[in-house]
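Report on one structure; see the data block that follows.
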Amino acid sequence: MAATSVFQRVRTGSKIGAQYDQEGNLIKVETREDEEQNIKLAEILELLLAAGYFRARIKGLSPFDKVVGGMTWCITTCNFDIDVDLLFQENSTIGQKIMKCPHRLEPHQIQGLDFIHIFPVVQWLVKKAIETREEMGDYVRSYSISQFQKTNTFPEDEEFASRKERAISTVENVCALYAPQRRYRRQDDAGELLDEESRVHSTLLEFGRRYGFSKQSKSGAQATEQKQGSASGTQAIPPGMAQVSEEEDLEAAEELKIKALMTGMAAMASEEGKPSASTVGQIVGLQSEEIKLIATEYAEKVERSADDRQERFGPAQQHQRQLASLNKQITQKTKELEELQAKQQEARAVCEDAKEKLAEATAQTEKLDGELSSLEDLESQADTGLLEKLRALVAMNENLKEQEQMFRSHCREEMTRLQQNIEDLKLESGDDGDDKKERNLLIDQQYAADREKLQKIRLLMARRNREIAILQRKIDEVPSRAELTQYQKRFIELYSQVSATHKETKQFFTLYNTLDDKKVYLEKEVNLLNSIHDHFQQAMASSGGKEQFLRQMEQIVEGIKQSRLKMEKKRQENKMRRDQLNDEYLELLDQQRLYFKTVKDFKEECRKNEMLLSKLRTKGAS
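Quick look at the structure:
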């Protein structure tokens, strides 16, 4: 093994932890922490939180778990269809672009927590996840509403369903009761009506409905009358008088048309269905009265129009009539507007109430979802065996409580029945004194036995409750598998940090001692050179001084050689000690590899043993 320098310094801010695989090989993973990497990590966590991955808030998770978990969650949220061949390929690669991400990311960058290169990939994944959520939001919302409506209903829907049948039956009854009934029928030989409007009014008159003709037909009738008057040589009415008397003429023409149509109806009614003589006489009498009434009204209107024609020709009266008509329309429209405004206010109030209820329901739903997710996380982190045992104990406790309630209700009913029996026996037994005492004694004995039984059940339930409480405390005291794993991981990280710091401190101490020794030797060398320089001129002045100076120099050189030999010997000893420690380290590595291999073989033998035991049990059971 190559020797490493004693003065090698560990890079500041680096964490190097020695890890071994199952074969005992050394795995070294170096992670560097700098300000830019921390900034990118914070931005990645902010993106994941904005996208909805709230596991990134857990402080106990490592940055690797947060980032990889967030990327996995984003890929799952994207709901991307995988169109790759999952079968074996001889020359397969790991760089296939399944989601077509424009940024390239290598596995060692994820393992080494290279957040600068991970950030654009996470940004792209978050964008895709948000787009997928927006696309699927309406579909999921409509699907959830349809699933909710399959099993649940609102109070308004129930009220509408309860009132729907009654409203439909009421509308059907009203339509059947007030259905149109035909009263008259037009004769075939009464003459064919030429215009469509006359045919419509004739049909309406057959069912007992009277409506006025349109202005166009009325004006056409008036123009026809004017042409007939001009053709007969009579004097034409002036234009101003014609406009004023237009309404009266149109009303008169309407009455004439209705009268003509009704006379045709009366003639037809005498032949339809071959009715009896009394029915025909009644119908003819009724229609003759209507005809007389219409003729009388028409004569009165003509007389009034002839008398008041001069008074109604003035424009002031016409303006007043139009003004009154417009005021009436304005009043009617104002009332309609007020009604619509009132309905609008009611609708707004109902809408605001519905919005508030929707907001409350949405907040409650989000709160319940958050609590449910937290409970699911706690359940996933908890130990399964302990959790099942706790559930069984809680179910047993609930069962005992239900049995206690049932027993209490049974005891009350039994006590009421016995008291009623006692009262009945008191009323029935007048002379049976001994029988009464015996019955009372039996009742008292049964009551005492039931009371003692109830007390025992209560004591048993209290004992079970204490046992459940003790087990719950014990379960809370024992850490779960996830907590133990987290503690182990934190201890390993802390040990790695302490080991790296200790190693770096030892190197600093060694470097300091070496430099201090070097400084001492350099100071001695400087002092020696200064002494030689100071005494050199004086020693060279005489031959005796020169010889003495040379002897001193030889002694100094001999001392330096002795010091060098001592240091060389010390270096050899340290080297031998290092080689010995290195050999011991290699032996320990061999033992560690042997240990891992033995553990692996032991696991394999345990698995084979379990398989053989299961086969033996199967054969024994068969």
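So for the sequence shown, the UniProt record's numbering puts the first residue at 1; every next one is plus one. Backbone N, C-alpha and C fix where the C-beta goes; we use that ideal spot for every residue, glycine too.
Proximity of Ile-44 and Gly-69 at Cβ, strictly below 9 Å:
no
Can you tell me which of the three DSSP states Leu-375 falls into?
helix
Please report the straight-line C-alpha distance between Gln-446 and Asn-421, rounded to a whole angstrom.
14 Å
Check this for me: beta carbons of Ala-51 and Val-174, under 9 Å apart or not?
no
Taking only three categories from DSSP, how would you classify Asn-513?
helix
Using the three-state DSSP reduction, which class does Ser-146 fall into: helix, strand or coil?
helix
Cβ neighbour criterion (16 or more within 10 Å) applied to Ser-214
At Ser-214 the pLDDT is 46, less than 50, meaning the model places this residue with poor confidence and gives no usable figure here.
Tell me whether the beta-carbon of Glu-206 lies closer than 9 Å to the beta-carbon of Tyr-184.
yes
If I follow the unbroken alpha helix (DSSP H) through Pro-479, where does it start and stop?
Segment: none, Pro-479 is in no alpha helix (DSSP H) and carries neither H nor E.
Taking the CB atoms as reference points, tell me whether Ile-258 and His-319 lie closer together than 9 Å.
no
Consult DSSP for Thr-170 and reduce its assignment to one of helix, strand or coil.
helix
Residue ranges of each alpha helix (DSSP H) run of no fewer than 4 residues wholly in the stretch 554-598, ordered along the chain?
none
Is residue 654 helix, strand or coil by DSSP?
The chain is shown only over 1 to 622; residue 654 falls outside these bounds and no answer can be derived.
Which whole-angstrom value describes the C-beta separation of Phe-407 and Leu-454, a residue pair presumed to lie in contact below a C-beta threshold of 8 Å?
7 Å
Where Ala-324 and Lys-343 are concerned, what is the direct C-alpha to C-alpha distance, given to the nearest angstrom?
29 Å
For the alpha helix (DSSP H) containing Gly-385, name the first residue and the last one.
384-428
Under the rule that 16 or more other beta-carbon atoms within 10 Å means buried, what is Thr-618, buried or exposed?
exposed
Near Leu-393, which residues of its chain fall below 7 Å by C-beta distance, leaving aside the five closest residues on each side in sequence?
Ile-468 and Leu-471
In whole angstroms, what separates the C-alpha of Asn-79 from that of Trp-73?
10 Å
Indicate whether Arg-133 and Thr-77 have their beta-carbon atoms separated by less than 9 Å.
yes
Given a threshold of 16 other Cβ atoms within 10 Å of its Cβ, counted over all protein chains shown, does Leu-41 qualify as buried or as exposed?
buried
Using 10 angstroms around the beta-carbon of Arg-104, count the other beta-carbons present and answer buried if the total reaches 16, otherwise exposed.
exposed
Taking the alpha helix (DSSP H) that Ala-42 belongs to, which residues open and close that run?
35-51
When you compare the CB positions of Gln-123 and His-117, do they come within less than 9 Å of one another, or not?
no
Counting along the chain, where does the alpha helix (DSSP H) carrying Leu-204 start and finish?
196-206
Under DSSP, the alpha helix (DSSP H) around His-108 begins and ends at which residues?
107-111
Assuming Leu-387 and Glu-398 make a contact with CB atoms under 8 Å, what is their CB distance in whole Å?
In fact, because the Cβ distance is near 16 Å, the residues do not count as touching under 8 Å.
Rounded Cβ spacing between Ile-457 and Leu-418 (contact assumed at less than 8 Å):
Wrong, their Cβ atoms sit about 19 Å apart, outside the cutoff.
Euclidean distance between Cα positions of Lys-150 and Val-140
15 Å
Spatial neighbours of residue 626 within its chain, please: CB distance less than 7 Å, with the 5 preceding and 5 following residues excluded, ordered by chain position.
Outside the displayed range of the chain (1 to 622) lies residue 626, so it cannot be described from this structure.
Are the CB atoms of Arg-55 and Asp-450 within a distance shorter than 9 Å?
no
Just the C-alpha distance for Asp-476 and Ser-62, rounded to the nearest angstrom, thanks.
25 Å
So, helix, strand or coil for Thr-76, using DSSP?
helix
Below 9 Å between beta carbons: does that hold for Lys-401 and Met-461?
yes
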